[in-house]
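Respectively, the protein sequence lines represent chains A and B.
The numbering of the first sequence is UniProt numbering, which starts it at 1 and goes up by one.
The numbering of the second sequence is UniProt numbering, which starts it at 1 and goes up by one.
Glycine included, every Cβ here is placed at the ideal spot set by N, Cα and C.
Predicted model only: the values in this text are computed from it and were never measured.
Let me begin by presenting the structure, written as structure tokens, before commenting on it.
Number of protein chains: 2
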Amino acid sequence: MGVTIKDVAQAANVSVASVSRVLNGHSTVTDDTRARILAVMKALRYVPHVGARSLSTNLTDTVGVLLPDLYGEYFSEMIRGIDGAARRRGLHLLVASLHGGADEAATALRTMRGRVDGLLVMSPHADAAFLADNLPGQLPVVLLNSGAGGGAYASVSIDNFSAAYAMVGHLAASGHRSIGFITGPAGNFEAQERLRGYRAALAAFLPRAREAVYEGDFTEEAGTRVGTALARRKRRPGAVFAANDMMAIGAQLALQAAGVDVPGDIALAGFDDIPVARYVTPALTTVRVPIAEMGALALGRLAAQIAAGAHGGHGAAADTLDAHLVVRASSGQRAPVPSNRIPITGDRQ
Amino acid sequence: MGVTIKDVAQAANVSVASVSRVLNGHSTVTDDTRARILAVMKALRYVPHVGARSLSTNLTDTVGVLLPDLYGEYFSEMIRGIDGAARRRGLHLLVASLHGGADEAATALRTMRGRVDGLLVMSPHADAAFLADNLPGQLPVVLLNSGAGGGAYASVSIDNFSAAYAMVGHLAASGHRSIGFITGPAGNFEAQERLRGYRAALAAFLPRAREAVYEGDFTEEAGTRVGTALARRKRRPGAVFAANDMMAIGAQLALQAAGVDVPGDIALAGFDDIPVARYVTPALTTVRVPIAEMGALALGRLAAQIAAGAHGGHGAAADTLDAHLVVRASSGQRAPVPSNRIPITGDRQ
DNA sequence: TTGAAAGCGCTAACAG
DNA sequence: CTGTTAGCGCTTTCAA
Chain A
1 MGVTIKDVAQ AANVSVASVS RVLNGHSTVT DDTRARILAV MKALRYVPHV GARSLSTNLT
61 DTVGVLLPDL YGEYFSEMIR GIDGAARRRG LHLLVASLHG GADEAATALR TMRGRVDGLL
121 VMSPHADAAF LADNLPGQLP VVLLNSGAGG GAYASVSIDN FSAAYAMVGH LAASGHRSIG
181 FITGPAGNFE AQERLRGYRA ALAAFLPRAR EAVYEGDFTE EAGTRVGTAL ARRKRRPGAV
241 FAANDMMAIG AQLALQAAGV DVPGDIALAG FDDIPVARYV TPALTTVRVP IAEMGALALG
301 RLAAQIAAGA HGGHGAAADT LDAHLVVRAS SGQRAPVPSN RIPITGDRQ
Chain B
1 MGVTIKDVAQ AANVSVASVS RVLNGHSTVT DDTRARILAV MKALRYVPHV GARSLSTNLT
61 DTVGVLLPDL YGEYFSEMIR GIDGAARRRG LHLLVASLHG GADEAATALR TMRGRVDGLL
121 VMSPHADAAF LADNLPGQLP VVLLNSGAGG GAYASVSIDN FSAAYAMVGH LAASGHRSIG
181 FITGPAGNFE AQERLRGYRA ALAAFLPRAR EAVYEGDFTE EAGTRVGTAL ARRKRRPGAV
241 FAANDMMAIG AQLALQAAGV DVPGDIALAG FDDIPVARYV TPALTTVRVP IAEMGALALG
301 RLAAQIAAGA HGGHGAAADT LDAHLVVRAS SGQRAPVPSN RIPITGDRQ
């Protein structure tokens, strides 16, 4: 097929071992022979076969990235962060989406054996038990935004609860007395945390207000649905907080299409601060999640685990990143806000 | 490390050959032994080592995807299209970004040897000569939106020239007498085609008008720069056509921030129809590029090349996909337009 | 139907 | 400093 290390050795009149040595920078080679080998490699346009190499070394220099989906700005940002960190370390990325159910996730997981040195996993199905059952050997793993690590696996996430809590606080402080919430997909850990934050904050800041929870699933269509329904109502909450930006935007467009003014008639807030949030009118008040940074950090942790040689047992470090409120026009606050970036959580590492 | 085929063979009291046979569905195995082996595999939680397998078979079931960047909605869409098509065929994706210069692109290209069965390449540097020089062996390759295949490689792209031409036609038909253009990066093939379309259309529809070409590079900042500069001018074109959406949006925001009305004072149009284009106010008139479909088609072509066994020589098929004008509010047309999706090119395949 | 054995391309002792 | 050689985990003739 291609030119192999043997061809090079032969052409350079040396053994494959010597070629291998210059390939790997083992200094124990005469400058003379090294030069000769290098010349031959160039002449033959030799490219080492990494697959073969990794069979020997048990190292692939690639990490697997398992995401629930490859679509949308959230994942785009995530991959960007991961890719930057990976290339900085000379690592390659094997990405796969997980949109099937648990079976498919299991398959994806197992098929990574021998292809990667470690895994970055973001999946609703990826709880500790599931991973333990399907992970080939004890591959280093870092979980992304999945509360299910259970301490068994390292994880990187943000404090969804506190951020949601703070957002409701902001809405209440802005004078809204009834605040609704659009949920994420039922099984989603992050969505649950955000809902929990909403409930806690409501109880704390507006103890006499009633909860108004609308079902959603993180898609724009869900937001549209809620927005349309809300537009038809006579009585609606003064503000609606969506568990993510896409739903908030869907609701906003639906409301506006129905002639309801945002934020005049109803204030809106989202979560994630995806790039579009700045471009809609009015611009969306939201929680800035440092998506790319999360990805980068997760890859860093994974690289460290890999370097540590997979021993060190399960590095169960759980990183939590700061999130910030980003107040824009859609939340219609009455009182001016000192800064548009209010730190929510103080914890780090 | 993990449990190997040997372990399974031993535990099942058979040879590795038999295990391999059931692994690959070679029917020449007794139902009895097959069952026994299957049971042992399950019990031992055996997962075949694909790396080792591909060393034997010279097949990886993986395709490499080389993109100039992993950031933004354009690439997100592209990856989505590719991923969908890949998973449908049981193929995995090894993605890498190329943001460095030619050297880095070369490295990325060579490092794919032994990892992938074929390559999807979208890169400014990837002209035919460059590929020929850096491709390990004669790997199947499909070029994305790079005019540089030169017939030597299969390619998938859209007709940028015609689409740009049609957009300028639309702007002229809408009553705009002077039309400016914001260019993409200097070396970019697609950007050049769009500029060429602009020029040709200008000559055809507004022969007495002067060209007004502003330099850009596909980033929002470039658009901002142009928009800001334009806002300061006393005389400005009645319409500006940006070589992509992000620049159009940057210009729009800058103009609006400076108090210039869009489309009242100046009309705007973009190219790509990235998701955000619908969300800005006024919504952006643009050219819909079926990004995900392009990715899917490209992967399909690649899979076909791979299946054809890399012989069949260079499948130099050049696919061109249809693009459509999407007329929204930003272009300020005076006359109503029959449909908001006007086919531009009729060619296919 | 099954097993033994020769690789796939490369690395890493172990001897010289 | 350099060459020999035994694997890495799996597939695949070739015999039995």
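| Item | Value |
| --- | --- |
| Which of helix, strand or coil does DSSP assign to L59(B)? | coil |
| Please state the DSSP three-state secondary structure of V19(B). | helix |
| Keeping to the same chain, check which residues put their C-beta closer than 6 Å to that of T164(A); ignore five residues upstream and five downstream. | Sequence check: residue 164(A) is Ala here, not Thr. Taken in chain order, the residues that qualify are R194, G197, Y198. |
| Comparing the C-beta of A303(B) with each C-beta of chain A, is any distance below 7 Å? | no |
| List, in order along the chain, the chain B residues whose C-beta lies closer than 8 Å to that of A52(A)? | L55, G114 |
| When the Cα of R53(A) is compared with those of D133(B), R113(B), Y71(B), L206(B), which residue comes out closest? | R113(B) |
| Beta carbons nearer than 8 Å to chain A: which residues of the segment 272-303 of chain B have them? | P275, V276, Y279, V280, T281 |
| How about the segment 29-46 of chain B and the segment 89-103 of chain B: do they share at least three Cβ pairs that are nearer than 8 Å? | no |
| For V326(A), which of D31(A), P275(A), A316(A), L299(A) has the nearest alpha-carbon? | P275(A) |
| I'd like to know if S331(B) contacts chain A, where contact means its C-beta is closer than 7 Å to some C-beta of that chain. | no |
| Flag this pair as yes or no: are the beta carbons of A307(A) and E77(A) separated by less than 7 Å? | no |
| Going straight from the alpha carbon of L98(A) to that of S27(A), what length do you get? | 44 Å |
| Going along chain A in order, which residues have a C-beta closer than 7 Å to the C-beta of V95(B)? | L93, V95 |
| Mind pulling the chain A residues with CB within less than 8 Å of residue 356(B)? | This structure does not reach residue 356(B), given that chain B is present from 1 up to 349, and the question cannot be answered. |
| When the Cα atoms are used, what is the spatial distance from G312(B) to V141(B)? | Annotation note: pLDDT 44 at G312(B) (below 50); position unreliable, coordinate value reported separately. So the alpha carbons of these two residues sit roughly 13 Å apart. |
| Is there at least one Cβ from chain B nearer than 7 Å to I79(A)'s Cβ? | yes |
| State buried or exposed for T60(B), treating a residue as buried only when at least 16 other CB atoms are found within 10 Å of its CB. | buried |
| Report the CB separation of D322(A) from A277(A) in whole angstroms; it is logged as a contact under 8 Å. | In fact, because the Cβ distance is near 18 Å, the residues do not count as touching under 8 Å. |
| Does the distance from the CB of L70(A) to the CB of R301(B) come in under 7 Å? | no |
| What are the boundary residues of the beta strand (DSSP E) that V156(B) is part of? | 154-158 |
| Applying a beta-carbon distance threshold of less than 8 Å, which residues of chain B neighbour F130(A)? | The contacting residues do not exist; F130(A) stays about 14 Å from chain B at best. |
| Can you round the beta-carbon distance between V3(B) and R34(B) to whole angstroms, since I take them to be within the 8 Å contact cut? | Going by Cβ atoms, the distance from V3(B) to R34(B) rounds to 19 Å, so no, they are not a contact pair. |
| When Cβ atoms are compared, which residues of the segment 235-251 of chain B fall closer than 8 Å to chain A? | I249 |
| What whole-angstrom Cβ distance do A269(A) and S330(A) have, given they're in contact under 8 Å? | 7 Å |
| Taking A211(A) as the reference, give the member of G184(A), A200(A), V260(A), E221(A) with the closest Cα. | Note that residue 211(A) corresponds to Glu in the displayed sequence, not to Ala. Cα-wise, what sits closest to E211(A) is A200(A). |
| Quick one: is D261(A) near chain B, going by C-beta distance under 7 Å? | no |
| Can you grab the Cα-Cα spacing for the pair N188(A) / R225(A), in whole Å? | 20 Å |
| Among Q138(B), P185(B), G175(B), V280(B), which residue has its Cα nearest to the Cα of L206(B)? | G175(B) |
| For D265(A), decide whether its Cβ has a neighbour in chain B, counting only Cβ atoms nearer than 7 Å. | no |
| Please name the residue in R236(A), F271(A), Q10(A) whose C-alpha comes closest to that of A248(A). | F271(A) |
| Taking only three categories from DSSP, how would you classify G169(B)? | helix |
| Spatial neighbours of S123(B) within its chain, please: C-beta separation below 7 Å, excluding the five flanking residues on both sides. | L66, P68, L98, A105, S146 |
| Give the interface partners of F75(B) over in chain A, defined as CB-CB distance under 8 Å, in chain order. | S76 |
| How many angstroms separate the CA atom of residue 350(B) from the CA atom of V289(B)? | Outside the displayed span of chain B (1 to 349) sits residue 350(B), for which this structure offers no information. |
| If you scan the segment 37-86 of chain B from start to end, which runs of the beta strand (DSSP E) of 3 or more residues do you find wholly inside it? | 62-67 |
| Mapping the DSSP letters down to three states, classify G180(B) as helix, strand or coil. | strand |
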